[in-house]
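Visitor: Sharing a structure below in structure tokens format, with a few things to ask.
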Amino acid sequence: MVGVDVISPEKTAEFFRGAYTAIDGVWFMSVEEKYGLDRAAELDARVWSVFAKILAKRIMRDFNIKGDGLDTLVRTIALRWRMEGWRFEVPVCMNDEAVMVVRTCPWLEALRKAGREHVVPMMCGEICDVVYRNWAETVNPKITLERTSRMGYGAPFCDFKYTIKKE
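Quick note on numbering: my numbering labels position 65 of the sequence shown as 90, and the sequence is numbered without any gaps.
Here it is as structure tokens:
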């Protein structure tokens with residue numbers, strides 16, 4: 026085709042990562058403008074609670090990941106984070122406990138770059154918790170999440186400690 030450049034998979038992924046983040050921001054700011062921050066946060070939490078389940082199921086399906094253990098949970102989250110450009114490590118991944126440590130969160134960086142600091146505590150608290158609790162529940166309803174460190178609250182990293190409830 027004349028005038029159409031070949032686009033690398035990396036450039037395509039980068040483009041859609043940016044579009045994905047942008048539409049989330051535009052949606053949130055539109056709701057915030059019309060209904061205020063509290064209502065926007067409430068609706069954002071509802072949207073992301075459902076979207077987290079969709080993403081978890083889609084990653085499991087598209088990457089043929091089976092199981093309901095912590096290894097499955099960590100693998101699915103790690104795939105999402107790699108695709109979105111997060112920097113993280115998994116210092117612990119056992120049958121009964123998994124810990125994921127985030128060093129760079131592209132969502133937090135985007136908020137700061139856009140001058141949306143007033144949204145950071147809500148995003149790093151309620152929204153992030155809703156996303157990863159619902160993600161865990163999708164893999165296995167017995168998985169629980171504990172958070173003790175959040176970059177959006179000034180910590181040097183975010184932690185996600187997952188355990189499986191004992192019966």
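Here a beta-carbon is modelled for each residue, glycine too, at the ideal position from N, C-alpha and C.
Is it true that the CB of Ile79 sits closer than 8 Å to the CB of Leu104?
Guide: Result no, Cβ atoms of Leu104 and Ile79 do not sit closer than 8 Å.
Visitor: Starting from Arg128, trace the beta strand (DSSP E) both ways and give me its first and last residue.
Guide: Note, Arg128: beta strand (DSSP E), 122 to 129.
Visitor: Have a look at Asp121 and Ala161 and give me their C-alpha separation to the nearest angstrom.
Guide: Spanning the two alpha carbons is a distance of roughly 13 Å.
Visitor: Starting from the Cα of Phe185, find the closest Cα among Cys153, Val164, Lys191 and give me that residue.
Guide: Selected option, being the one with the closest Cα: Cys153.
Visitor: Measuring alpha carbon to alpha carbon, tell me which residue in Glu171, Asp49, Tyr60 is nearest Ala139.
Guide: Considering only alpha carbons, the answer is Asp49.
Visitor: Please confirm whether Glu151 and Ala65 have their CB atoms less than 8 Å apart.
Guide: Their beta carbons are not under 8 Å apart, which means Glu151 does not touch Ala65 by this criterion.
Visitor: Under the three-state reduction of DSSP, which class applies to Lys138: helix, strand or coil?
Guide: Helix at Lys138.
Visitor: What is the residue span of the alpha helix (DSSP H) that Ile90 lies within?
Guide: No alpha helix (DSSP H) holds Ile90; DSSP gives it neither H nor E.
Visitor: CA-CA distance, Val198 and Val56?
Guide: Nothing can be reported for residue 198: it is not among the residues displayed for the chain, which extend from 26 to 192.
Visitor: Which residue wins for smallest C-alpha separation from Lys190, given the options Pro181, Glu171, Gly179, Arg175?
Guide: The shortest Cα separation from Lys190 among Pro181, Glu171, Gly179, Arg175 belongs to Glu171.
Visitor: Check whether the Cβ atoms of Trp111 and Thr97 sit closer than 8 Å, and answer yes or no.
Guide: No.
Visitor: In chain order, what residues of the same chain lie with their CB nearer than 7 Å to the CB of Ile32, ignoring the 5 residues before and after it?
Guide: Answer for Ile32: no residue qualifies.
Visitor: With C-beta atoms as the reference, is Thr163 less than 8 Å away from Ala81?
Guide: Their beta carbons are under 8 Å apart, which means Thr163 touches Ala81 by this criterion.
Visitor: Where do the ends of the alpha helix (DSSP H) carrying Leu34 lie?
Guide: Looking at the sequence provided, one finds Pro at residue 34 rather than Leu. Where Pro34 is concerned, the enclosing alpha helix (DSSP H) stretches over 34 to 60.
Visitor: By Cβ distance, which residues of its chain are closer than 7 Å to Phe88, with the 5 residues on each side in sequence left out?
Guide: Excluding sequence neighbours, Phe88 sits near Leu104.
Visitor: Please list the terminal residues of the continuous alpha helix (DSSP H) segment that includes Asp154.
Guide: Element bounds for Asp154: 153 to 164.
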